[in-house]
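*Asks:* So the sequences go chain by chain: A and B. In terms of our numbering, the first sequence has 51 at position 35, counting the first letter as 1, and numbering is strictly consecutive. In terms of our numbering, the second sequence has 159 at position 155, counting the first letter as 1, and numbering is strictly consecutive. Okay, handing you the structure first.
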Amino acid sequence: MASLLQPDRVLYLVHGEKKIRSPLSTLYFCRYCSELRSLECVSHEVDSHYCPSCLENMPSAEAKLKKNRCANCFDCPCCMHTLSTRATNIPAPLPDDPSKTTMKKAYYLACGFCRWTSRDVGMADKSVASGGWQEPDNPHTQRINKLIEYYQQLAQREKLERDRKKLARRRPYMPLAFSQHTIHVVEKYGLGTRLQRQRPGAPITSLAGLSLKEGEDQKEINIEPAQALDEVEPLPEDCYTRPINLPEVTSLRQRLLQPDFQPAGASQLHPKHKHLLIKRSLRCRKCEHNLSKPEFNPTSIKFKIQLVAECQVLLTLTNPVENITHVTLVGCEEGDPEDINSTAKVMVPTKELVLAGKDAAADYDELAEPQDFQDDPDVVAFRKSNKIGFFIKVVPQREEDGDVTVSFKIRHDFRNLAAPIRPSEEGDAPTEAIWLTHHVELSLGPIIA
Amino acid sequence: KSQYLQKMAANIAAGAVVCVESEIRGDVTIGPRTVVHPKARIIAEAGPIIIGEGNLIEEQALIINSYPENIMPDTEGVEPKTMTIGINNVFEVGCVSQALKIGDNNVIESKADLGKNVILTSGCIVGACCQVNTCEVIPENTVIYGSNCMRRVQTERPQPQTLQLDFLMKILPNYHHMKKTVKGTSTPVRN
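Quick look at the structure:
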């Protein structure tokens, strides 16, 4: 099956903002627009956050507060693997009677991959299994928070002024440019919460709420400007002569994963909380319908909506839908602007090929009559349930070392199973078939001399 | 060379648990409290192997004292070199060790490959699938991990697997036949 094992053999052309050629397994099919969509012509949206090791779901507001980090899980600062909590028994004196000792459990963090433990950096063992581990505080946190507040206020003020100016001379036919510009300014300092991508043509009512704040008293935040220092700490005297203890030096990756401290020594590498991952949903940019929407539960890999191209669009030989489908293959003409990659001429069968529908129960139904399709043996090699094999003639044009690539167009009928928005007047009108044309490129492999 | 050829028997101390399905060839001495799993292979081709006590050699591990590559087995004047393995080492499943000197408390993880010129001191951990074929002495408490064989030094040596050893010494004789130790007969069962 070219779709699973050799995905790059058969490429479909997607007409989007850019012309993209990619295998069918990576494409989606918008059944409202009846067109193929690739990952570059859909918009990606964040659906939910979850931790990859404890699989705990986190609402977006909480995720933002915790800087997209899980509360329970840690990453090894040495190899970025997930840390596990281990327990040891240590003798500890009883609180009542200091002379007797009892075994108490002490917990420490350990990495299974590189054998790093929390004791390596001097973190004491904790008496609770989870929740006892703290990340070290950044000494600059206060200053950074104050700066962020100040700049957020500044951005808001600038935006209001700009809005006021534009409202004064606003023309009725210019709402789009105005709203997108101000949203860009707001997002500059991270203020935008619901002011994400404004839908084209939507009214600007969401911005009206902000102008109400003019009446409120806004706290003036003043910051002290940063002070430039004249003197810098000198380098230690044995900087050039001291032998390097190589295991103690941190690698760049280890250092930059902790941007707060960027420790140069391995004995200062503290574990950080694990980063959350997201589940994303895809949306067609033209008709704003969802193409792919995953389940909310992090443990589930299913989708609520999944309009993958393989379930809708014809594969080269297999018919994925349940109806009988008629396929015509048309070779690309000379000077076809989409035909840039083919290195061989192809003669496709000119007759229309008929493919039976996909019937899941056909394998088990022994009494079913074999469908009689009267195939021309020159054209059709074999037929099996919803698959068909057919012959094409290929004439390579150039003697090349590369692969022989042919391209042609597949034209097939497609019945849209989505409920029609227009109400039908007399009972159920049968769903009409529309004809879709796809440009396909097939890579046949190298020429054997 | 003739002296070496005479000692073709395996010398298994009392208290060691060596399964019959393991393959032990050549002059091999195994200390007490060592467990050798079935399908482990200890081959003393170019010289004797001396294994200390408390070691754990798991399935499909290969400990081989082989001839250097450019020397034919029949060359005269080649001194047999002894391979020494200390105490409390763990050779995990599928590892290959040709190192001539291994100290104590080392862990050689699954499918690791140690070359002939490496010398492990104590407390070293060679990670899974890591190939170490340099000509060097690995310092104490070194951990070799990752696909690029990154190294780091840990502060404590790995603990000896006493619990595991005790458990295995109880359970393995229930399901496998054991090779005879020195206290019993002196002729071992050869595969």
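From the three backbone atoms N, C-alpha and C, an ideal C-beta is built for every residue, glycine too.
Helix, strand or coil for A/Met74, going by three-state DSSP, please let me know.
*Replies:* Against the first sequence, residue 74 of chain A aligns to sequence position 58. Here A/Met74 sits in strand by DSSP.
*Asks:* What is the DSSP secondary structure of A/Cys57, reduced to helix, strand or coil?
*Replies:* For this step, residue 57 of chain A is matched to residue 41 along the first sequence. A/Cys57: helix per DSSP, three-state reduction.
*Asks:* Closest to A/Thr421 by C-alpha separation, out of A/Glu61, A/Phe430 and A/Leu460, would be which residue?
*Replies:* Translated into positions along the first sequence, residue 421 of chain A becomes position 405. Closest option to A/Thr421, Cα to Cα, is A/Leu460.
*Asks:* Name, please, each residue of chain B whose Cβ falls closer than 9 Å to the Cβ of A/Pro263.
*Replies:* By one-based count along the first sequence, residue 263 of chain A stands at place 247. The answer, in chain order, is Pro143, Thr146, Arg155, Arg156 and Val157.
*Asks:* To be precise: take each residue of the region 122 to 142 of chain A, compare its Cβ to all Cβ atoms of chain B, and keep it if any distance is under 8 Å. Which residues remain?
*Replies:* Listed by position along the chain: Phe129, Cys130, Arg131, Trp132, Thr133, Arg135 and Asp136.
*Asks:* Pairing CB atoms from the region 26 to 39 of chain B with CB atoms from the region 50 to 61 of chain B, are three or more of them under 8 Å?
*Replies:* Enough Cβ pairs lie closer than 8 Å, so yes.
*Asks:* Does the region 140 to 158 of chain B come close enough to the region 167 to 180 of chain B to have 3 or more Cβ pairs within less than 8 Å?
*Replies:* Segments in contact, no.
*Asks:* Just list the beta strand (DSSP E) runs in the region 58 to 100 of chain B, keeping only unbroken ones of 3 residues or longer that don't cross its boundaries, in chain order.
*Replies:* With a minimum length of 3 residues, the continuous beta strand (DSSP E) runs that stay inside the region 58 to 100 of chain B are 66 to 69 and 87 to 89.
*Asks:* Would you report the Cα separation of A/Met190 and A/Gln168, rounded to the nearest angstrom?
*Replies:* For the purposes of this step, residue 190 of chain A is taken as the residue at position 174 of the first sequence. For the purposes of this step, residue 168 of chain A is taken as the residue at position 152 of the first sequence. With a pLDDT of 49 at A/Met190, under the threshold of 50, the modelled position of that residue is not reliable, and the figure given next carries that caveat. Going by the C-alpha atoms only, they are around 27 Å apart.
*Asks:* Comparing C-alpha positions only, which one of B/Asp108, B/Val94 and B/Thr86 sits nearest to B/Lys116?
*Replies:* For the purposes of this step, residue 116 of chain B is identified with residue 112 of the second sequence, where counting begins at 1. According to the sequence displayed, residue 116 of chain B carries Ala and not Lys. Closest option to B/Ala116, Cα to Cα, is B/Val94.
*Asks:* Would you mind working out which of B/Ile46, B/Ser101 and B/Ala17 sits nearest B/Glu27, comparing C-alpha positions?
*Replies:* Counted from its first residue, the second sequence places residue 27 of chain B at position 23. Ranking B/Ile46, B/Ser101 and B/Ala17 by Cα distance to B/Glu27 puts B/Ile46 first.
*Asks:* Out of B/Asn109, B/Ile123, B/Asn152 and B/Cys133, point me to the one whose CA is closest to B/Thr166's CA.
*Replies:* Counting from 1 along the second sequence, the entry for residue 166 of chain B is found at position 162. The residue with the shortest Cα to Cα distance from B/Thr166 is B/Asn109.
*Asks:* Assuming contact is defined by CB atoms lying nearer than 8 Å, are B/Gly51 and B/Asn74 in contact in what I supplied?
*Replies:* Mapped onto the second sequence, residue 51 of chain B falls at position 47. Mapped onto the second sequence, residue 74 of chain B falls at position 70. Contact: no.
*Asks:* Provide the residue(s) that pair with B/Glu27 in DSSP beta bridges, ordered along the chain.
*Replies:* The residue labelled residue 27 of chain B in the question sits at position 23 within the second sequence. B/Arg45, per the DSSP bridge assignment.
*Asks:* DSSP three-state label for A/Cys46, please.
*Replies:* Walking along the first sequence from the start, residue 46 of chain A turns up at place 30. Three-state result, A/Cys46: strand.
*Asks:* Since A/Cys94 meets chain B, which of its residues come closer than 8 Å, beta carbon to beta carbon?
*Replies:* Along the first sequence, one-based indexing puts residue 94 of chain A at 78. Ordered by position in chain B, the residues that pass the 8 Å Cβ test against A/Cys94 are Arg156.
*Asks:* At a Cβ threshold of 8 Å, is A/Ala280 touching chain B?
*Replies:* Position 264 of the first sequence, counted from the start, is the residue given in the question as residue 280 of chain A. A/Ala280 does not count as touching chain B.
*Asks:* Would the beta-carbon of A/Gln274 fall within 8 Å of that of A/Lys288?
*Replies:* Counting from 1 along the first sequence, the entry for residue 274 of chain A is found at position 258. Counting from 1 along the first sequence, the entry for residue 288 of chain A is found at position 272. Contact: yes.
*Asks:* With a Cβ-Cβ cutoff of 8 Å, do B/Asn2 and B/Cys99 count as a contact?
*Replies:* This structure cannot speak to residue 2 of chain B, because chain B is shown only from 5 to 195.
*Asks:* Please state whether DSSP places B/Met173 in a helix, a strand or coil.
*Replies:* By 1-based counting over the second sequence, the position of residue 173 of chain B is 169. Reduced to three states, the DSSP call for B/Met173 is helix.
*Asks:* So, do the region 58 to 67 of chain A and the region 294 to 301 of chain A have three or more beta carbon pairs nearer to each other than 8 Å?
*Replies:* In short, these stretches touch, since the Cβ pair count reaches three.
*Asks:* Assign A/Asp246 to buried or exposed, taking buried as 16 or more other Cβ atoms, counted over all protein chains shown, within 10 Å of its Cβ.
*Replies:* Position 230 of the first sequence holds residue 246 of chain A. By the 10 Å Cβ count, A/Asp246 comes out exposed.
*Asks:* Within 10 Å of its beta-carbon, does A/Cys86 have 16 or more other beta-carbons around it, so buried, or fewer, so exposed?
*Replies:* Position 70 of the first sequence, counting from 1, holds the residue named residue 86 of chain A. Burial call: buried.
*Asks:* Determine the burial state of A/Pro259: buried for a count of at least 16 other Cβ atoms within 10 Å of its Cβ, exposed for fewer.
*Replies:* Position 243 of the first sequence, counted from the start, is the residue given in the question as residue 259 of chain A. A/Pro259 should be labelled exposed.
*Asks:* Using a Cβ-Cβ cut-off of 8 Å, state whether B/Ile129 counts as contacting chain A.
*Replies:* Numbered from its first residue, the second sequence carries residue 129 of chain B at position 125. With 8 Å as the cut-off, B/Ile129 counts as an interface residue toward chain A.
*Asks:* With A/Thr157 as the anchor, note down where its alpha helix (DSSP H) starts and where it stops.
*Replies:* As a working note, residue 157 of chain A is residue 141 in the first sequence. Thr157 to Ala184 is the extent of the alpha helix (DSSP H) around A/Thr157.
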